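Each remark here refers to the structure printed beneath this line.
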Amino acid sequence: MFGAFDMELPPTLAAIADLVGPVAAYRLAEARGGTTVYIPRPETLTQDHWLVTAVGRAAAERIAWMAQGENMTIPLGPLAGNRSRVWRAIREGIKAGKSENEIARLAGVAGRTVRRHRAGGDGRPDQHSLL
1 MFGAFDMELP PTLAAIADLV GPVAAYRLAE ARGGTTVYIP RPETLTQDHW LVTAVGRAAA
61 ERIAWMAQGE NMTIPLGPLA GNRSRVWRAI REGIKAGKSE NEIARLAGVA GRTVRRHRAG
121 GDGRPDQHSL L
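With the UniProt record's numbering, the residue at position 67 of the sequence shown is 67, and numbering never jumps.
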């Protein structure tokens, strides 16, 4: 399970792994990877908050201290999947009318990839728009 942490983590997950350890970083990516979530201030975390459930109380408080009541985009890190499985999951989620965050979490992609698919693309940025 944690052999994937031998690879370089995206900066946000690396900072979280440095703060609370790689297991909590992996659990955070597993719970909300590919989505943007609101992380409340530590003093407002409840025991049933998704962050506490995902990583435990002590790690959640440290992550909340780091986020300071702001939105945080949680990278996929080691959880990214193969392209055909991912694209199929995105198409199925769109067809089922699921939310961007829900599709991103289920497919293991960032929300912007879901937006690109909804716009009729294949999830990759239009290279011509960069010229």
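The C-beta atom is built at its ideal place from N, Cα and C for all residues, glycine as well. Computed from a predicted structure; not experimentally measured.
Hey, how far is the Cα of residue 25 from the Cα of residue 100?
Position 25 of the sequence shown holds residue 25. Position 100 of the sequence shown holds residue 100. The alpha-carbon atoms of residue 25 and residue 100 are separated by roughly 22 Å.
Given residue 71, which residues of its chain have a CB within under 6 Å of its CB, disregarding the five upstream and five downstream residues?
The residue labelled residue 71 in the question sits at position 71 within the sequence shown. Closer than 6 Å at the Cβ level, and outside the excluded window around residue 71, lie 36 and 38.
With DSSP run on the structure shown, which of helix, strand or coil describes residue 74?
Taking the first residue of the sequence shown as position 1, residue 74 is located at position 74. Looking at residue 74 - three-state DSSP - the assignment turns out to be strand.
Could you tell me the alpha carbon to alpha carbon distance between residue 55 and residue 119, rounded to whole angstroms?
Here residue 55 refers to the residue found at position 55 of the sequence shown. Here residue 119 refers to the residue found at position 119 of the sequence shown. Their Cα atoms are separated by approximately 34 Å.
Which partner residues does residue 113 have in the DSSP bridge list?
As a working mapping, residue 113 is identified with position 113 in the sequence shown. DSSP, once it has assigned bridges, lists no residue as partnering residue 113.
Given a cut-off of 8 Å on the beta-carbon distance, is the pair residue 13 and residue 111 in contact?
To locate residue 13, count along the sequence shown from 1; it is residue 13. To locate residue 111, count along the sequence shown from 1; it is residue 111. For residue 13 and residue 111, no; Cβs fall outside 8 Å.
Does the region 59-68 come close enough to the region 41-48 to have 3 or more Cβ pairs within less than 8 Å?
Yes: the two stretches touch, three or more of their Cβ pairs being nearer than 8 Å.
Just the C-alpha distance for residue 57 and residue 50, rounded to the nearest angstrom, thanks.
Sequence index remark: in the sequence shown, residue 57 carries index 57 (1-based). Sequence index remark: in the sequence shown, residue 50 carries index 50 (1-based). Between residue 57 and residue 50, the C-alpha separation is close to 10 Å.
Short of 7 Å in beta carbon distance, which residues of its chain neighbour residue 89, apart from the five on each side in sequence? Order them along the chain.
Position 89 of the sequence shown, counted from the start, is the residue given in the question as residue 89. Answer for residue 89: 106 and 107, listed in chain order.
Assuming contact is defined by CB atoms lying nearer than 8 Å, are residue 21 and residue 74 in contact in what I supplied?
As a first step, residue 21 must be located in the sequence shown, where it is residue number 21. As a first step, residue 74 must be located in the sequence shown, where it is residue number 74. No, the pair does not count as a contact, with Cβ atoms beyond the cut-off.
Taking DSSP's pairing of strands, which residues face residue 38 in a bridge?
Translated into positions along the sequence shown, residue 38 becomes position 38. According to DSSP, residue 38 bridges with 71.
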